[in-house]
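Undergrad:
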Amino acid sequence: MSAFILLGLVIAVAVGVWLSRYSWSVLLALIPVAMLVPAYYGAGTICGAGFFMRLTDEAAQCANGISAGRTFSAAYMLAFPPVLISAVLGKLWRMLRARKALG
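Following this line, the structure appears as C-alpha coordinates:
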(Lines of atoms letter the chains of each structure in order from A and count residues from 1; the text may use other names and numbers.)
(Lines give C-alpha, C1' and ligand atoms only; values in the text may rest on other atoms or scores of the structure.)
Protein backbone atom coordinates (compact mmCIF):
# COMPACT_ATOMS: atom_id res chain seq x y z
CA MET A 1 0.00 0.00 0.00
CA SER A 2 1.48 3.31 -1.01
CA ALA A 3 1.65 6.30 1.28
CA PHE A 4 -0.83 8.19 -0.93
CA ILE A 5 -3.49 5.51 -0.56
CA LEU A 6 -2.86 5.30 3.17
CA LEU A 7 -3.24 9.07 3.53
CA GLY A 8 -6.45 8.94 1.49
CA LEU A 9 -7.78 6.30 3.89
CA VAL A 10 -6.81 8.47 6.87
CA ILE A 11 -8.64 11.43 5.29
CA ALA A 12 -11.75 9.31 4.69
CA VAL A 13 -11.77 8.03 8.28
CA ALA A 14 -11.22 11.54 9.65
CA VAL A 15 -14.15 12.86 7.61
CA GLY A 16 -16.33 10.00 8.87
CA VAL A 17 -15.40 10.63 12.50
CA TRP A 18 -16.10 14.33 12.00
CA LEU A 19 -19.56 13.45 10.66
CA SER A 20 -20.31 11.36 13.74
CA ARG A 21 -20.94 14.56 15.74
CA TYR A 22 -24.30 15.05 14.05
CA SER A 23 -27.64 13.29 14.47
CA TRP A 24 -28.30 10.11 12.51
CA SER A 25 -30.40 11.81 9.85
CA VAL A 26 -27.86 14.57 9.22
CA LEU A 27 -24.99 12.07 9.29
CA LEU A 28 -26.59 9.86 6.64
CA ALA A 29 -27.57 12.85 4.51
CA LEU A 30 -24.06 14.33 4.55
CA ILE A 31 -22.15 11.14 3.71
CA PRO A 32 -22.35 11.70 -0.10
CA VAL A 33 -21.08 15.27 0.38
CA ALA A 34 -18.31 14.16 2.75
CA MET A 35 -17.14 11.56 0.23
CA LEU A 36 -16.03 14.43 -2.02
CA VAL A 37 -13.06 15.23 0.25
CA PRO A 38 -11.19 11.91 -0.11
CA ALA A 39 -12.34 11.65 -3.75
CA TYR A 40 -10.77 15.00 -4.64
CA TYR A 41 -7.58 13.93 -2.85
CA GLY A 42 -7.48 10.61 -4.70
CA ALA A 43 -8.16 12.10 -8.12
CA GLY A 44 -5.75 14.97 -7.48
CA THR A 45 -3.01 12.52 -6.54
CA ILE A 46 -3.41 10.54 -9.75
CA CYS A 47 -4.27 13.35 -12.20
CA GLY A 48 -2.41 16.34 -10.78
CA ALA A 49 -3.55 19.44 -8.96
CA GLY A 50 -5.50 20.90 -11.88
CA PHE A 51 -7.54 17.79 -12.62
CA PHE A 52 -10.87 19.54 -12.00
CA MET A 53 -10.17 21.79 -15.02
CA ARG A 54 -10.15 18.64 -17.20
CA LEU A 55 -12.96 16.84 -15.38
CA THR A 56 -15.32 16.68 -18.36
CA ASP A 57 -12.65 16.32 -21.07
CA GLU A 58 -12.55 12.70 -22.22
CA ALA A 59 -9.40 13.28 -24.30
CA ALA A 60 -7.32 14.38 -21.29
CA GLN A 61 -5.50 11.47 -19.69
CA CYS A 62 -4.29 11.11 -16.11
CA ALA A 63 -1.13 9.28 -15.09
CA ASN A 64 -3.05 5.99 -15.06
CA GLY A 65 -4.27 6.45 -18.65
CA ILE A 66 -7.90 7.07 -17.67
CA SER A 67 -9.78 10.35 -18.03
CA ALA A 68 -10.07 12.70 -15.06
CA GLY A 69 -13.84 12.25 -14.79
CA ARG A 70 -13.61 8.48 -14.60
CA THR A 71 -10.74 8.66 -12.11
CA PHE A 72 -12.77 11.01 -9.91
CA SER A 73 -15.81 8.73 -10.17
CA ALA A 74 -13.76 5.73 -9.11
CA ALA A 75 -12.20 7.62 -6.20
CA TYR A 76 -15.66 8.81 -5.13
CA MET A 77 -17.03 5.27 -5.03
CA LEU A 78 -13.95 3.94 -3.25
CA ALA A 79 -14.43 6.59 -0.54
CA PHE A 80 -17.90 5.29 0.38
CA PRO A 81 -17.01 2.30 2.63
CA PRO A 82 -14.40 4.00 4.87
CA VAL A 83 -16.47 7.18 5.29
CA LEU A 84 -19.66 5.26 6.08
CA ILE A 85 -18.05 2.74 8.43
CA SER A 86 -16.03 5.33 10.35
CA ALA A 87 -19.07 7.63 10.66
CA VAL A 88 -21.32 4.87 12.01
CA LEU A 89 -18.67 3.48 14.37
CA GLY A 90 -17.79 6.98 15.55
CA LYS A 91 -21.47 7.72 16.22
CA LEU A 92 -21.91 4.48 18.16
CA TRP A 93 -18.75 5.21 20.15
CA ARG A 94 -20.00 8.71 21.02
CA MET A 95 -23.38 7.30 22.09
CA LEU A 96 -21.68 4.69 24.28
CA ARG A 97 -19.47 7.35 25.87
CA ALA A 98 -22.50 9.54 26.59
CA ARG A 99 -24.36 6.61 28.15
CA LYS A 100 -21.39 5.77 30.40
CA ALA A 101 -21.08 9.41 31.45
CA LEU A 102 -24.70 9.42 32.62
CA GLY A 103 -24.11 6.50 34.90
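Count along the sequence shown from 1, add 1, and you get the number used in the working numbering.
Built from N, CA and C at the ideal position, the CB exists for glycine as well.
1) Got a sec, what are the start and stop residues for the alpha helix (DSSP H) Ile67 sits in?
2) Kindly list the residues whose CB is nearer than 7 Å to the CB of Thr57, restricted to its own chain and excluding five residues on each side of it in sequence; keep chain order.
3) Just to check my reading of the structure: Ala1 and Arg55 have Cβ atoms closer than 8 Å, yes? What is that Cβ distance to the nearest angstrom?
4) Note down, in chain order, each residue of its chain lying with its Cβ closer than 7 Å to the Cβ of Val14, except the 5 sequence neighbours on either side.
5) Between the Cα of Pro39 and the Cα atoms of Ser74, Ser26, Trp25, Ala30, which residue gives the shortest distance?
6) To the nearest whole angstrom, what separates the beta carbons of Gly9 and Gly43, a pair I think is in contact under 8 Å?
7) Please classify Met78: is it buried, with 16 or more other beta-carbons within 10 angstroms of its beta-carbon, or exposed?
8) Smallest Cα separation from Lys92: which of Ala80, Thr72, Val27?
9) Might you give, ordered along the chain, the residues of its own chain that have their beta carbon closer than 6 Å to the beta carbon of Phe52, omitting 5 neighbours on each side?
10) Over what stretch of residues does the alpha helix (DSSP H) that includes Tyr23 continue unbroken?
TA: Here's the rundown:
1) Your numbering for residue 67 matches position 66 in the sequence shown. Note, Ile67: premise wrong, no alpha helix (DSSP H); not H, not E.
2) As a first step, residue 57 is located in the sequence shown; it is residue number 56 there, counting from the start. So the list reads Gly70, once near-sequence residues are dropped.
3) Because the chain is modelled from 2 through 104, residue 1 falls outside the range shown and cannot be assessed.
4) Along the sequence shown, one-based indexing puts residue 14 at 13. Taken in chain order, the residues that qualify are Pro83, Ser87.
5) Within the sequence shown, residue 39 is the residue found at index 38, counting from 1. Pro39 has its Cα closest to that of Ser74, out of Ser74, Ser26, Trp25, Ala30.
6) Taking the sequence shown and counting its residues from 1, one reaches residue 9 at position 8. Taking the sequence shown and counting its residues from 1, one reaches residue 43 at position 42. Your pair Gly9 and Gly43 checks out as a contact, with CB atoms roughly 5 Å apart and the cut at 8 Å.
7) Along the sequence shown, read from residue 1 onward, the residue named residue 78 stands at position 77. That one is exposed.
8) Taking the first residue of the sequence shown as position 1, residue 92 is located at position 91. Looking at the Cα atoms, Val27 is the closest of the given residues.
9) Counting from 1 along the sequence shown, the entry for residue 52 is found at position 51. So the list reads Ala44, Gly45, Ala69, once near-sequence residues are dropped.
10) Within the sequence shown, residue 23 is the residue found at index 22, counting from 1. From DSSP, Tyr23 is part of no alpha helix (DSSP H); its letter is neither H nor E.
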